[in-house]
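Quick note: our numbering has the sequence shown finishing at residue 461, numbered continuously throughout.
Inspection log for the structure reproduced underneath, given as structure tokens.
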Amino acid sequence: MKLSPKARPERIDKAIPTIPLDAIRQFLTRPLVVGKKDLEKAAYVLSSPERRIVVGAGDRIYARGLASDGPGRYSVFRPGDEFVDPETGESLGWEAIYAGEARMERFGDPATLHLVETTREITPGYRLLPVGEEEVHINFLPHGPKDEIHGQILSVLGGVSQIGQYQVVVINRGTRENMEVGHVLRVRQAGETMRDPFSKNEKVRLPDEDAGLMMVFRTFEKVSYGLIMEATRPIHVGDIVTNP
């Protein structure tokens with residue numbers, strides 16, 4: 218009988234620390250990404266009864282574009298940056314920056330709604346999306362993807378340039394690439410390209426370097442949101458994510 222050496226994979230759930238829910242709670246239920254068609258047809262804030270430019274929690278607003286058979290609860294958001302795949306140039310959607318929740322008081326054109334919660338000032342032009350009964354994950358089972366994954370970090374929430382532990386990032390892989398909640402990915406710092414001064418200035422791409430681990434906690438069709446669970450060196454937008 219001939220014996221062949223076999224790799225013994227380390228359990229991923231032992232490789233990362235406990236997931237801090239406080240770091241991701243606000244991202245679990247609110248809309249984070251909207252497609253072009255959804256953005257174009259989304260209802261919008263028109264004005265307020267007092268014609269104020271800025272409104273907040275407790276105020277009433279007028280909105281247009283709401284369906285008469287809507288759920289009665291709506292997330293108010295501001296369209297943020299467009300996510301573009303750095304490899305293909307494909308539009309992956311727009312970030313939806315949550316601003317509050319509104320409830321229908323009276324349907325019409327415009328409809329009247331009451332702002333029950335706000336996290337920032339709301340102005341005319343902000344968009345509204347129905348609040349659905351989406352499944353919320355609070356218990357995560359870390360596991361590696363079955364498929365080969367090779368993506369990139371598109372964005373980090375908070376506007377910082379360097380990414381550290383427990384920060385939320387967006388990657389250019391989603392459910393169409395079979396991404397799942399709980400998937401653990403290795404983050405690799407993308408190697409820089411430099412000129413070799415000893416070889417007629419030939420360009421050489423330096424190797425990628427391990428930089429940490431991230432876990433996917435919310436998926437969309439074309440992108441996913443993940444939490445940096447471990448950072449062994451500074452992580453940046455553009456860094457690579459692969460199978461662990």
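Just so it is clear, CB atoms sit at the ideal spot from N, CA and C, and this is done for glycine as well.
Tell me the DSSP bridge mates of residue i?
{"i": "Gly310", "result": "Phe300"}
{"i": "Leu430", "result": "Arg403, Glu447"}
{"i": "Met411", "result": "Val421"}
{"i": "Arg320", "result": "Arg290, His331"}
{"i": "Thr459", "result": "His367, Arg403"}
{"i": "Ile339", "result": "Val272"}
{"i": "Arg295", "result": "Ile314"}
{"i": "Arg344", "result": "Tyr261, Phe294"}
{"i": "Tyr442", "result": "Val387, Arg435"}
From residue i to residue j, what distance separates their C-alpha atoms?
{"i": "Pro288", "j": "Asp456", "result": "40 Å"}
{"i": "Leu346", "j": "Leu256", "result": "9 Å"}
{"i": "Pro266", "j": "Ser292", "result": "20 Å"}
{"i": "Leu358", "j": "Ala260", "result": "37 Å"}
{"i": "Lys420", "j": "Arg412", "result": "4 Å"}
{"i": "Asn395", "j": "Lys417", "result": "44 Å"}
{"i": "His284", "j": "Glu426", "result": "The sequence as given places Ala at residue 284; His does not occur at that position. Their Cα atoms are separated by approximately 51 Å."}
{"i": "Glu447", "j": "His400", "result": "14 Å"}
{"i": "Glu307", "j": "Phe244", "result": "24 Å"}
{"i": "Ser264", "j": "Gly297", "result": "21 Å"}
{"i": "Val454", "j": "Gly368", "result": "11 Å"}
{"i": "Ile270", "j": "Ile380", "result": "35 Å"}
{"i": "Pro461", "j": "Phe324", "result": "51 Å"}
{"i": "Pro226", "j": "Phe415", "result": "Below a pLDDT of 50, predicted positions are generally treated as unreliable, and Pro226, at 42, falls in that range; no measurement from the model is reported."}
Are the Cβ atoms of residue i and residue j separated by less than 8 Å?
{"i": "Arg405", "j": "Thr459", "result": "yes"}
{"i": "Leu402", "j": "Val387", "result": "no"}
{"i": "Arg290", "j": "Val348", "result": "yes"}
{"i": "Val262", "j": "Tyr315", "result": "no"}
{"i": "Leu330", "j": "Ala313", "result": "no"}
{"i": "Val385", "j": "Ile236", "result": "no"}
{"i": "Trp311", "j": "Val251", "result": "yes"}
{"i": "Gly317", "j": "Thr340", "result": "no"}
{"i": "Glu438", "j": "Gly391", "result": "yes"}
Restricting to Cα atoms, I'd like to know which of the options is closest to residue i.
{"i": "Val333", "options": "Lys363, Gly275, Glu409", "result": "Gly275"}
{"i": "Glu365", "options": "Arg393, Pro327, Asp239, Asp286", "result": "Arg393"}
{"i": "Gly429", "options": "Gln382, Tyr442, Asn389", "result": "Gln382"}
{"i": "Glu304", "options": "Asp298, Gly317, Asn389", "result": "Asn389"}
{"i": "Met431", "options": "Phe324, Gly361, Ala280", "result": "Gly361"}
{"i": "Lys253", "options": "Phe294, Phe244, Glu299, Ala280", "result": "Glu299"}
{"i": "Lys258", "options": "Gly282, Leu249, Leu238", "result": "Gly282"}
{"i": "Ile452", "options": "Gln243, Val373, Gly399", "result": "Val373"}
{"i": "Val301", "options": "Arg295, Leu309, Phe294", "result": "Leu309"}
{"i": "Val398", "options": "Glu338, Pro327, Tyr442, Ala280", "result": "Tyr442"}
{"i": "Leu465", "options": "Asn356, Arg247, Tyr279, Arg268", "result": "Only positions 218 to 461 of the chain appear in this structure, which leaves residue 465 out of reach."}
Examine chain B for any beta-carbon lying closer than 8 Å to the beta-carbon of residue i, and answer yes or no.
{"i": "Val458", "result": "No chain B appears in this structure, which consists of one protein chain only."}
key: beta strand (DSSP E) segments (min. 3 residues) lying fully within the stretch 257 to 282   = 260 to 264, 277 to 281
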